[in-house]
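Residue numbers (my numbering), protein chains in the order written: chain A, 1 to 375; chain B, 376 to 750. Glycine included, every Cβ here is placed at the ideal spot set by N, Cα and C. Heads up: the structure comes next, in structure tokens.
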């Protein structure tokens, strides 16, 4: 296996470790469940591609009904657009004049691909810098005003603060008011259904207050967009949100699986795994060759798949396994990452396996096209 | 700045954010201080290249007296060897027969470059697999027996357990007993000098016990290698260690700077920074465009350089700043990463700046050659 492509068609056992592996069967069930949910609830789906950073997977989601994808970074959008993804929403603020030039070039590129670019703003300064960069262009950029619906990060205070921005958007031929960006990131990880219901009820109130203020000032709100894998059934049921941005449902990480499941949500399966190998065994623990350079630990350590073992942090390149029955030297251990987004960002490729982790074969090598795209 | 190379000679202000920046002046002072320390204490220096993963920086360290570098992964060694680094020690266990074939190919490649490969073992099984892979080759691989000197990860118990491995090494013409690998990773981060002294005193005892057992069985121990940026002055003073593996001294992260400084160690400066930009400001906080996809947080959050601001985790792509005086929208904020090794691994390039972070210019673009090299 000196070339990655030599792995195609080979058994799982031939995948060198550590490696990031997708169970394609599980992923496709997640994909179908989410598409069915969106269709049933008559809500648009615009999955967050910051999770997988792959044009192949973005196109797969769009082939299954997604209207486009979100990203967080201009360079992520550039990487996906270069591979034909034509409908991209940068659901984040960009204020650097240099980067805004790139945003406008990207908008022109998506136009040429028959799609459109959208972006979030939360300041008059940022909006005017965007308008300045777009002046004289033929492209029309959809602009979403971000409001802080409880996350406490970016976004204007809910209510009348959005009105001057909507007025400013209306002054520029190259800008079009897309609606409101309303995402409560922390609420995704509230463990109980009750906490998440309460959190999203407040989100809805903040959105309504802002929509009312905008309507009173003569600005219709075409769309409210937000939601994540932890809460999207609540936003979908609200009648206020027209678009869902959930991304992690495709791979389902250990952290999201730790939430009490809302019966209104589809039952997603773990589809992303780190294949690791036991490289050292002693009396009371075994050591695998996957540490936090192989999987992100911001949302906690990985779970061990299918074995009664606890994974303890062994540093950048090691994981320490403890349990009543330790695996033997050289054994394969599958880890379920705590958080899929930054885990994928550590890898150049995702190896798609068909037929299960035990006896499956490598069917697809998926490039993480926007890996490391930070700007 | 559409091409990275366009940045050469440009002022710091032109660096798009987020970006990983080296203060070259500070780094070179750290380099010189460590070289002087090793020369003064008559100990070899073999810095850990798992930190910077760059052939350019490995060669720079070797030009300043380092005998070679350490790495943790076979693929890291391959990436550096491909760029001419000819003396590499994989200070970690490899047990996969497939990977051991690569190790042997690498040993041949380093031979051809006039250097040598070394590797660590901690099991008879792993050692025999290595010997099997090397059989019939002309290369000679130096093999270090790893003992667990208190870290609690890989390594044999100190004492007689090393003897059968030394005996096995002696049976194979392609293997040469290099000595003992004795690294106490946790001790690097003991905050007080007293704790670190106690931790390394135990390390020394474990090494001596093992050396005595090997000598009693007729095996001289040519070299003891280990130590990190937190403790190396203790290992250097022991008379037992002949080689130091410290790597982080070159960049000096926030976590190491939180240690009480041992007066016996040189005073290293922060030389690695994430350049970030304020992208959103509200009443009680500002938001920068650098989250934990820009810097690793396994050893804590970054510090804000030169400003009285606290950095709070804002997720994958954001950092939240709080303080009495908030920076303005668009302002530059320099972050000192908590842990340099996994931070560098998130980036493709390090931008070397000469003349300081305020008014300096980009002098060098250093590729992170082994970024993402996990296998």
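Beta-carbon proximity of residue i to residue j, cut-off 8 angstroms
i	j	result
residue 560 of chain B	residue 423 of chain B	no
residue 287 of chain A	residue 278 of chain A	yes
residue 104 of chain A	residue 134 of chain A	yes
residue 181 of chain A	residue 120 of chain A	yes
residue 368 of chain A	residue 349 of chain A	yes
residue 137 of chain A	residue 108 of chain A	yes
residue 687 of chain B	residue 698 of chain B	no
residue 457 of chain B	residue 463 of chain B	no
residue 709 of chain B	residue 680 of chain B	yes
residue 481 of chain B	residue 452 of chain B	yes
residue 117 of chain A	residue 141 of chain A	yes
residue 344 of chain A	residue 20 of chain A	yes
residue 589 of chain B	residue 537 of chain B	yes
residue 52 of chain A	residue 747 of chain B	no
residue 96 of chain A	residue 705 of chain B	yes
residue 55 of chain A	residue 266 of chain A	no
Contact belief for residue i with residue j at Cβ below 8 angstroms, rounded distance in angstroms
i	j	result
residue 61 of chain A	residue 71 of chain A	In fact, because the Cβ distance is near 13 angstroms, the residues do not count as touching under 8 angstroms.
residue 143 of chain A	residue 98 of chain A	Rounded, the Cβ-Cβ distance is 19 angstroms, inconsistent with contact.
residue 254 of chain A	residue 336 of chain A	5 angstroms
residue 211 of chain A	residue 234 of chain A	Not really, about 17 angstroms apart at Cβ, beyond 8 angstroms.
residue 617 of chain B	residue 604 of chain B	Residue 617 of chain B to residue 604 of chain B, Cβ: 18 angstroms. No contact.
residue 353 of chain A	residue 111 of chain A	Not confirmed; about 38 angstroms, so no contact.
residue 655 of chain B	residue 713 of chain B	Contact doesn't hold; Cβ gap of about 23 angstroms is too wide.
residue 433 of chain B	residue 460 of chain B	5 angstroms
residue 527 of chain B	residue 598 of chain B	Contact flag wrong, Cβ pair sits at about 24 angstroms.
residue 139 of chain A	residue 174 of chain A	6 angstroms
For residue i: DSSP bridge partner residues
i	result
residue 445 of chain B	B:423, B:464
residue 685 of chain B	B:697
residue 352 of chain A	A:22, A:364
residue 342 of chain A	Paired residues: none, contrary to the question.
residue 662 of chain B	B:655, B:695
residue 619 of chain B	B:420, B:601
residue 648 of chain B	B:396
residue 303 of chain A	A:336
residue 119 of chain A	A:90, A:143
residue 557 of chain B	B:601
residue 11 of chain A	A:361
Beta-carbon proximity list for residue i, same chain, < 8 angstroms, skipping 5 on both sides
i	result
residue 199 of chain A	150, 184, 186, 187, 190, 231
residue 316 of chain A	291, 292, 293
residue 375 of chain A	73, 74, 75, 99
residue 733 of chain B	387
Contact test: residue i Cβ vs the ligand NAD heavy atom, cutoff 7 angstroms
i	result
residue 515 of chain B	Ligands displayed in this structure: none; no statement on the ligand NAD is therefore possible.
Sequence-distant residues of the same chain with beta carbon closer than 6 angstroms to residue i, five excluded per side
i	result
residue 626 of chain B	646, 647, 715
residue 420 of chain B	413, 441, 619
residue 392 of chain B	650, 651, 652, 664
residue 505 of chain B	475
residue 477 of chain B	449
residue 26 of chain A	269, 271
residue 202 of chain A	150
residue 410 of chain B	439, 440
residue 416 of chain B	611
residue 615 of chain B	579, 582, 599
residue 318 of chain A	287, 291
residue 639 of chain B	608
residue 115 of chain A	86, 87
residue 262 of chain A	193, 233
Cut-off 7 angstroms between Cβ atoms - residues of its own chain near residue i, not counting five sequence neighbours on either side
i	result
residue 567 of chain B	635
residue 405 of chain B	624, 625, 627, 643, 644, 646
residue 165 of chain A	121, 124, 127, 145
residue 332 of chain A	275, 277
residue 327 of chain B	Limits of chain B in this structure are 376 at one end and 750 at the other, which puts residue 327 of chain B out of reach.
Interface partners of residue i on chain C, CB under 7 angstroms
i	result
residue 345 of chain A	Going by chain labels, chain C is absent from the structure shown, which instead holds the protein chains A and B.
Beta strand (DSSP E) runs contained entirely in the region 127-176 of chain A, provided each spans 3 or more residues | 141-146
Within the region 566-617 of chain B, ranges of the alpha helix (DSSP H) (whole runs, at least 4 residues) = 568-591, 607-612
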